[in-house]
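In UniProt numbering, the protein residues as written are 1 to 280.
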């Protein structure tokens with residue numbers, strides 16, 4: 001059973017995710033009567049089992065980490081019972097079976113088994129430069145920034161002047177004063193980024209480089225120490241962010257995320273500033 005390693009060496013397991021999501025649900029949230037006074041918050045095991053149409057013993061085995069292999073139908077039932085969002089459903093599958101649910105993510109997991117040295121193709125690097133003046137960068141499997149054009153280096157930070165080990169988007173987000181100036185909604189954006197990073201790296205958190213990065217983040221950021229154990233995940237996708245440009249001031253930026261076809265753990269992110277006052 002696949003698990004992600006925390007900084008103290010303890011694995012993130014399927015049972016841990018199930019318990020955390022069970023604890024956050026009240027009986028009223030799932031249409032159950034409150035019943036007797038509860039010693040702990042959230043639903044009881046037998047209530048989740050009933051909602052998922054599983055035997056209480058089988059559900060207990062899942063939380064205890066017994067050697068059982070839940071089917072996709074069982075995981076779907078658990079996701080519905082625990083009110084999981086799509087990102088959490090993906091994470092559930094990774095922890096249960098060691099692979100994401102979608103064919104695309106399965107291919108990514110196989111590629112992760114023996115990851116090559118992180119490089120970026122010259123064509124992709126050239127595209128990043130040609131997209132200037134739109135801020136654009138490419139991040140790798142551990143979210144290291146592998147290429148950034150001048151507009152991105154001006155908006156966020158000059159990655160090329162930073163030490164190689166400091167060219168990491170998540171580390172920069174949680175340990176740099178620059179990030180708190182750039183992101184107008186820093187706490188919201190930082191928490192969402194950590195959830196996206198968790199989901200994106202869920203299938204290879206046992207790799208030494210990723211485990212070391214998570215450990216360093218927990219060591220250096222009180223926010224990561226608080227949020228990482230909550231097991232929140234989020235999907236990577238397009239959207240809008242409020243950012244402060246060093247010359248132009250606060251602006252809304254629409255961003256698009258594209259996967260590099262022949263290197264599926266690399267993503268290109270490009271930003272377009274919206275005219276002031278434009279919403280939607």
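By construction, the Cβ of each residue, glycine as well, lies at the ideal position given by its N, Cα and C atoms.
Exercise. Which residues in the same chain have their Cβ closer than 8 Å to the Cβ of residue 79, if we skip the five residues on either side of it in sequence?
Worked result: 88, 89, 92
Exercise. Tell me the DSSP bridge mates of residue 147?
Worked result: 138
Problem set entry | Cα-Cα separation, residue 218 to residue 72 | 33 Å
Exercise. Under a three-way DSSP split, which group does residue 100 fall into?
Worked result: With a pLDDT of 47 at residue 100, under the threshold of 50, the modelled position of this residue cannot be trusted, and the question is left open.
Exercise. With 16 as the cutoff for other CB atoms within 10 Å, does residue 26 come out buried or exposed?
Worked result: exposed
Exercise. Where residue 138 and residue 145 are concerned, what is the direct C-alpha to C-alpha distance, given to the nearest angstrom?
Worked result: 6 Å
Exercise. Is it buried or exposed for residue 232, if we count other Cβ within 10 angstroms and need 16 for buried?
Worked result: buried
Exercise. Roughly how far, in whole angstroms, is the beta-carbon of residue 186 from the beta-carbon of residue 180, given that I think they are within contact range, below 8 Å?
Worked result: 5 Å
Problem set entry | Touching by the beta-carbon criterion (3+ pairs, under 8 Å), the stretch 125 to 142 and the stretch 256 to 270 | yes
For this session: Closer than 7 Å by C-beta to residue 210: which residues in its own chain qualify, once you throw out the five before and the five after it? Chain order, please.
Result: 142, 201, 204
For this session: Give the DSSP-derived three-state secondary structure of residue 272 in the structure shown.
Result: strand
Problem set entry | Nearest-angstrom Cα separation, counted from residue 214 out to residue 46 | 34 Å
Problem set entry | Residue of 155, 21, 39 minimising C-alpha distance to residue 243 | 155
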